[in-house]
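In UniProt numbering, the protein residues as written are 1 to 246.
1. So for residue 124, helix, strand or coil by DSSP?
2. I need the DSSP call for residue 155, collapsed to helix, strand or coil.
3. Report the rounded CA-to-CA distance for residue 234 versus residue 101, giving the unit in angstroms.
4. Quick one: any contact between the stretch 198-212 and the stretch 94-112, if contact means 3 or more CB pairs under 8 Å?
5. Counting along the chain, where does the beta strand (DSSP E) carrying residue 208 start and finish?
6. Going straight from the alpha carbon of residue 54 to that of residue 121, what length do you get?
7. Quick one: what's got a C-beta closer than 6 Å to residue 14's C-beta in the same chain, skipping five residues either side?
8. Buried or exposed: which applies to residue 264, given that a residue is buried once 16 or more other Cβ atoms fall within 10 Å of its Cβ?
9. Quick check: the stretch 27-44 against the stretch 71-90, are at least 3 beta-carbon pairs closer than 8 Å?
10. What are the boundary residues of the alpha helix (DSSP H) that includes residue 192?
11. Does DSSP put residue 181 in a helix, in a strand, or in coil?
12. Fully enclosed by the UniProt domain "FAD-binding FR-type" (1-99), which alpha helix (DSSP H) runs are 4 residues long or longer?
13. Can you tell me whether residue 185 is buried or exposed? The criterion is at least 16 other CB atoms within 10 Å of its CB, across all chains shown.
14. Smallest Cα separation from residue 84: which of 118, 22, 220, 173?
15. With distances taken Cα to Cα, identify the nearest neighbour of residue 226 among 193, 97, 188.
16. To the nearest angstrom, how far is the alpha carbon of residue 250 from that of residue 228?
17. Who are the near neighbours of residue 219 in its chain, counting only those whose CB is closer than 7 Å to its CB and skipping five residues on each side?
18. Starting from residue 138, trace the beta strand (DSSP E) in both directions and tell me its first and last residue.
19. Would residue 151 pass as an interface residue toward chain B - the criterion being a Cβ-Cβ separation below 8 Å?
20. Compare the C-alpha of residue 48 against each of 77, 32, 61, 26 and name the closest.
21. Going by DSSP, what residues sit across from residue 108 in a beta bridge?
22. Roughly how far, in whole angstroms, is the beta-carbon of residue 176 from the beta-carbon of residue 197, given that I think they are within contact range, below 8 Å?
23. Using the C-alpha atoms, what's the distance from residue 125 back to residue 116?
24. Of the choices 80, 94, 108, whose alpha-carbon is the least far from that of residue 129?
25. In angstroms, rounded to a whole number, what distance separates the CA positions of residue 181 and residue 63?
Here is the structure:
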């Protein structure tokens with residue numbers, strides 16, 4: 001079912017990366033879930049899924065998106081201005097949520113590439129990860145520094161939760177002070193990410209959530225399983241929870 005969302009604000013992080021803040025009624029949702037945005041283009045409905053970046057109690061919905069040159073929907077989303085309308089699914093969906101994470105594990109590792117950082121920011125804007133885990137780690141990989149959306153807010157989390165939250169960024173196509181320059185999978189394989197965090201990824205202590213590029217998810221999943229971590233299923237709780245972004 002579709003409803004109407006009004007654009008309240010647009011934030012442009014770069015030429016192609018942007019956030020839309022929307023006013024719409026979609027009912028309750030859980031941090032980590034996604035909605036669909038849609039427009040009629042050439043008499044056909046074109047819809048795409050976008051994770052919600054806002055916390056569930058926020059007054060506005062928030063999505064992080066990238067405009068793809070040959071995309072059917074994303075360039076039109078980027079062209080939206082405050083006051084414009086767009087169709088929105090009236091119910092959020094998705095199972096990459098903290099309530100699907102098993103009780104064991106005292107360290108929460110979030111791995112994200114690009115816009116897939118959105119659902120993790122939504123979770124960190126709630127109290128649950130901070131109350132539930134001894135350590136929260138976000139590994140955030142992008143191509144260019146300007147692609148680090150919400151960077152100032154993420155640094156503010158470090159200041160607010162000293163010793164509890166660790167942010168590790170990796171920028172692969174330009175040197176950036178303080179950031180790694182490797183792909184996430186390379187950083188895990190070499191051990192440089194764990195060295196920077198000061199913790200080991202382990203089946204005993206870690207819960208891992210992965211969202212982003214399908215190849216990154218596949219490679220990282222393989223690496224983690226080789227270390228004894230297992231995919232998290234309702235019928236067989238494990239340590240690895242994933243959501244493919246396309």
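Note that CB positions come from ideal geometry on N, CA and C, so glycine has one too. Bear in mind the structure is a predicted one, so any value in this text is a computation, not a measurement.
Let me spell this out:
1. Against the chain shown, residue 124 aligns to sequence position 124. Here residue 124 sits in helix by DSSP.
2. Here residue 155 refers to the residue found at position 155 of the chain shown. Correct three-state label for residue 155: helix.
3. Walking along the chain shown from the start, residue 234 turns up at place 234. Walking along the chain shown from the start, residue 101 turns up at place 101. Cα-Cα distance, rounded: 9 Å.
4. yes
5. The residue given as residue 208 occupies position 208 in the chain shown. Run containing residue 208: 206-212, per the beta strand (DSSP E) assignment.
6. The sequence position of residue 54 within the chain shown is 54, counting from 1. The sequence position of residue 121 within the chain shown is 121, counting from 1. Roughly 8 Å between the two C-alpha positions.
7. Along the chain shown, one-based indexing puts residue 14 at 14. Excluding positions up to five away in sequence, the list reads 146.
8. Summary: the structure shown does not reach residue 264, with the chain confined to residues 1 through 246, and so no result is reported for it.
9. yes
10. Here residue 192 corresponds to residue number 192 of the chain shown, with the count starting at 1. That run of the alpha helix (DSSP H) goes 192-197.
11. Taking the first residue of the chain shown as 1, we reach residue 181 at position 181. Residue state, collapsed to three classes: coil.
12. 74-78
13. Translated into the one-based positions of the chain shown, residue 185 becomes position 185. Flag for residue 185 reads buried.
14. Within the chain shown, the letter at position 84 stands for residue 84. Comparing Cα-Cα distances from residue 84 to each of 118, 22, 220, 173, the minimum goes to 22.
15. Residue mapping note: residue 226 aligns to position 226 of the chain shown, counting from 1. Among 193, 97, 188, the Cα nearest to that of residue 226 belongs to 188.
16. Nothing in the structure corresponds to residue 250, since the chain is present only between 1 and 246.
17. Residue 219 sits at position 219 when you count from the first residue of the chain shown. Contacts found: 185.
18. Translated into the one-based positions of the chain shown, residue 138 becomes position 138. Here the beta strand (DSSP E) through residue 138 covers 135-142.
19. Absent from the structure is chain B; it holds one protein chain and no more.
20. For this step, residue 48 is matched to residue 48 along the chain shown. Measuring from the Cα of residue 48, the nearest candidate turns out to be 77.
21. The residue given as residue 108 occupies position 108 in the chain shown. Residue 108 pairs with 136, 207.
22. Position 176 of the chain shown, counted from the first residue, corresponds to residue 176. Position 197 of the chain shown, counted from the first residue, corresponds to residue 197. With 8 Å as the limit, residue 176 and residue 197 do not qualify as a contact, their Cβ atoms being about 18 Å apart.
23. Start at 1 with the first residue of the chain shown, and residue 116 comes out as number 116. Start at 1 with the first residue of the chain shown, and residue 125 comes out as number 125. Rounded to whole angstroms, residue 116 to residue 125 spans 15 Å at the Cα level.
24. Here residue 129 is taken as the residue at index 129 of the chain shown, counted from 1. Cα-wise, what sits closest to residue 129 is 108.
25. To locate residue 181, count along the chain shown from 1; it is residue 181. To locate residue 63, count along the chain shown from 1; it is residue 63. When rounded, the separation of the alpha-carbon atoms in residue 181 and residue 63 is 27 Å.
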